[in-house]
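For what it's worth, my numbering labels the leading residue of the sequence shown as 4, then goes sequentially. Glycine residues also receive a C-beta, built at the ideal position from the N, C-alpha and C atoms.
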Amino acid sequence: MRVLVTGGAGFIGSHYVRHVLSTSADHVTVLDALTYAGSLDSLAPVLPSNRMTFVEGNILDESLVNDLVRTHDVVVHFAAESHVDRSFLAGTHFLKVNVLGTQRLLDAARRHGVAKFVHVSTDEVYGPLVASAASEDAPLRPTVPYAASKAASDLVALSAYATHQVPVCVTRSSNNYGPHQYPEKVIPRFVTGLLKGERVGLHGRGEHVRNWVHVRDNVIGIDLVLRKGTPGEVYNLGGGTDLTNKQLTERILDACGADWDRVDYIPDRPSNDVRYAMTWDKAKRLGYTPKHDFDAGLAETVAWYRAHPDRWTPLHRAADPPDSNVTPTPADAVLPLSYESYS
Ligand code: NAD
4 MRVLVTGGAG FIGSHYVRHV LSTSADHVTV LDALTYAGSL DSLAPVLPSN
54 RMTFVEGNIL DESLVNDLVR THDVVVHFAA ESHVDRSFLA GTHFLKVNVL
104 GTQRLLDAAR RHGVAKFVHV STDEVYGPLV ASAASEDAPL RPTVPYAASK
154 AASDLVALSA YATHQVPVCV TRSSNNYGPH QYPEKVIPRF VTGLLKGERV
204 GLHGRGEHVR NWVHVRDNVI GIDLVLRKGT PGEVYNLGGG TDLTNKQLTE
254 RILDACGADW DRVDYIPDRP SNDVRYAMTW DKAKRLGYTP KHDFDAGLAE
304 TVAWYRAHPD RWTPLHRAAD PPDSNVTPTP ADAVLPLSYE SYS
């Protein structure tokens, strides 16, 4: 089978590409614009494979997308602007990439009759949940521009199934962690900051709750949905660990051998959902079971950042204060990292 993977040079996409190449005989083509978040280093071990092709390009490029989709059996769509804090400053850019980019791919998928189209999304589309957990038919109540753009793209993808029978499945995972993540979201941000001897900033009182899934569990789930999922369906993919950000910080401090005196409590984000939670019974029926123990996965993640300072030190600007002089423009793909950035 010929698999087109968009965003395959990013964090989750690159783990997915390695998973497919090591567990199947499929040929993988990666389409990735190599924005600040993408890196060919993440694909270095598999780039020499004769079952792997890399194409540098933008999902908004209609003719390129059309040519690539035409020669592939299935599409797994990861490419997106993925960082909540950046979306506060660049909402238009997020909508263009995440919504219009998805529509471009769906148009080509419809034209060329792909066998399956997996649209990769997030639990953030459900918005804050105080006590309950969202099943796949829960209402979408996103509260930040990133999550709103993902919710819109989910609806666009599902409407392509309803209207044109494009065989779309949507996956919604919780927060991913693991090696190879760009150091802007909380785990790689805190780990790299602490390894550099810097201080880290915890939003508000650290009471927000997130569910954590190891990236290798998520990519196994996404692949199950590709091969066994029913078109038109949404599949939640959660992990076994729910933590407040304060509990998460405690685990990261332990894993890095650091103390609370390295943590500052800083003002909360403009919008910060109090809790995300999902059930994932549908994915379970496809054979999905998240297997990674959180502390072991975190230790592996810290070990990876410790062993690869070349990959993140040049990107890491923890000392930068939030820059109030930044004027967001639609083309702003690289916004300054703020001290407290995380998703
Ligand atoms: P990432 O930011 O690490 O990678 C995104 C990749 O997409 C990069 O390689 C980037 O170069 C590429 N890209 C961005 N714009 C592009 C464009 N216009 N054309 C082509 N390529 C483009 O993101 P990630 O964390 O790997 O997330 C992948 C997907 O999973 C996203 O759709 C995201 O919304 C979703 N998701 C992420 C998480 C998480 O915890 N990271 C959780 C749930 C869902």
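{"Asked": "Quick one: residues in its chain with C-beta nearer than 6 Å to the C-beta of residue 7, no 5 flanking neighbours on either side, listed in chain order?", "Found": "32, 71, 75 and 78"}
{"Asked": "According to the neighbour-count rule (16 or more other Cβ atoms, all chains shown, within 10 Å of its Cβ), is residue 25 buried or exposed?", "Found": "exposed"}
{"Asked": "Among 282, 154, 302 and 177, which has the Cα closest to the Cα of residue 260?", "Found": "302"}
{"Asked": "Based on Cα-Cα distance, which residue from 82, 108 and 167 lies nearest to residue 125?", "Found": "82"}
{"Asked": "Count the C-beta pairs between the stretch 194-206 and the stretch 140-153 that are closer than 8 Å, then say yes if the count reaches three, no if not.", "Found": "no"}
{"Asked": "Under the DSSP definition of a beta bridge, which residues are partnered with residue 137?", "Found": "281"}
{"Asked": "Tell me which residues share the same chain as residue 176 and place their Cβ nearer than 6 Å to its Cβ, disregarding the 5 neighbours each side in the sequence.", "Found": "216, 221 and 240"}
{"Asked": "DSSP state of residue 56, grouped into three classes?", "Found": "strand"}
{"Asked": "Can you tell me where the beta strand (DSSP E) with residue 30 in it begins and where it stops?", "Found": "30-35"}
{"Asked": "I need the DSSP call for residue 322, collapsed to helix, strand or coil.", "Found": "Here the model assigns residue 322 a pLDDT of 35, short of 50, so the residue's position is not dependable, and the following value carries that caveat. In the structure shown, residue 322 sits in coil (DSSP, three-state: anything other than H, G, I, E or B)."}
{"Asked": "Measuring alpha carbon to alpha carbon, tell me which residue in 229, 190, 84 and 318 is nearest residue 35.", "Found": "84"}
{"Asked": "Please report the Cβ distance between residue 21 and residue 48, rounded to the nearest whole angstrom; I am assuming they are in contact, meaning their Cβ atoms lie under 8 Å.", "Found": "7 Å"}
{"Asked": "Around the Cβ of residue 116, are there at least 16 other Cβ atoms within 10 angstroms (buried) or fewer (exposed)?", "Found": "exposed"}
{"Asked": "Kindly say whether residue 194, judged by its beta-carbon, lies nearer than 8 Å to any beta-carbon of chain C.", "Found": "The chain labelled as chain C is not found in the depicted structure, where only one protein chain is given."}
{"Asked": "Any heavy atom of the ligand NAD inside 7 Å of the beta-carbon of residue 74?", "Found": "no"}
{"Asked": "Can you list, in chain order, the residues of its chain whose CB lies under 8 Å from that of residue 161, leaving out five sequence neighbours each side?", "Found": "171, 173, 235 and 237"}
{"Asked": "In angstroms with no decimal places, state the Cα-to-Cα distance between residue 88 and residue 187.", "Found": "9 Å"}
{"Asked": "Beta-carbon separation of residue 280 and residue 132 under 8 Å?", "Found": "yes"}
{"Asked": "For residue 37, collect the residues of the same chain with a Cβ closer than 8 Å to its Cβ; drop the 5 residues on either side in sequence, then sort them by chain order.", "Found": "12, 43 and 59"}
{"Asked": "What is the residue span of the alpha helix (DSSP H) that residue 269 lies within?", "Found": "Counting along the chain, residue 269 falls outside any alpha helix (DSSP H), though it belongs to the beta strand (DSSP E) covering 266-269."}
{"Asked": "Using the Cβ count rule (16 or more neighbours within 10 Å means buried), how would you classify residue 153?", "Found": "buried"}
{"Asked": "Is it right to say residue 119 is buried, meaning 16 or more other beta carbons lie within 10 angstroms of its own, or is it exposed?", "Found": "buried"}
{"Asked": "Alpha carbons only, please: which of 130, 193 and 284 is nearest the one belonging to residue 253?", "Found": "193"}
{"Asked": "Under three-state DSSP, which class holds residue 276?", "Found": "coil"}
{"Asked": "Could you please give the first and the last residue of the uninterrupted beta strand (DSSP E) stretch that includes residue 80?", "Found": "77-80"}
{"Asked": "Is residue 251 near the ligand NAD, in the sense that its beta carbon is under 7 Å from a heavy atom of that ligand?", "Found": "no"}
{"Asked": "What do you reckon, is the C-beta of residue 185 under 7 Å from a heavy atom of the ligand ADP?", "Found": "As for the ligand ADP, it is missing from this structure, which binds only the ligand NAD."}
{"Asked": "Assuming contact is defined by CB atoms lying nearer than 8 Å, are residue 267 and residue 202 in contact in what I supplied?", "Found": "yes"}
{"Asked": "What I want to know is whether the C-beta of residue 62 ends up closer than 7 Å to one or more non-hydrogen atoms of the ligand NAD.", "Found": "yes"}
{"Asked": "For residue 242, collect the residues of the same chain with a Cβ closer than 7 Å to its Cβ; drop the 5 residues on either side in sequence, then sort them by chain order.", "Found": "177, 214, 215, 216, 217, 220 and 293"}
{"Asked": "Alpha helix (DSSP H) containing residue 197: first to last residue?", "Found": "189-198"}
{"Asked": "If you measure between the beta carbons of residue 304 and residue 190, is that distance less than 8 Å?", "Found": "yes"}
{"Asked": "Would residue 168 be called buried (16 or more neighbouring beta carbons within 10 Å of its own) or exposed?", "Found": "exposed"}
{"Asked": "Going by C-alpha distance, which of 110, 146 and 111 is nearest residue 127?", "Found": "146"}
{"Asked": "My assumption, with CB atoms under 8 Å, is that residue 156 sits in contact with residue 101. Please give the rounded CB distance.", "Found": "5 Å"}
{"Asked": "Whole angstroms are fine: how far does the CA of residue 165 sit from the CA of residue 311?", "Found": "45 Å"}
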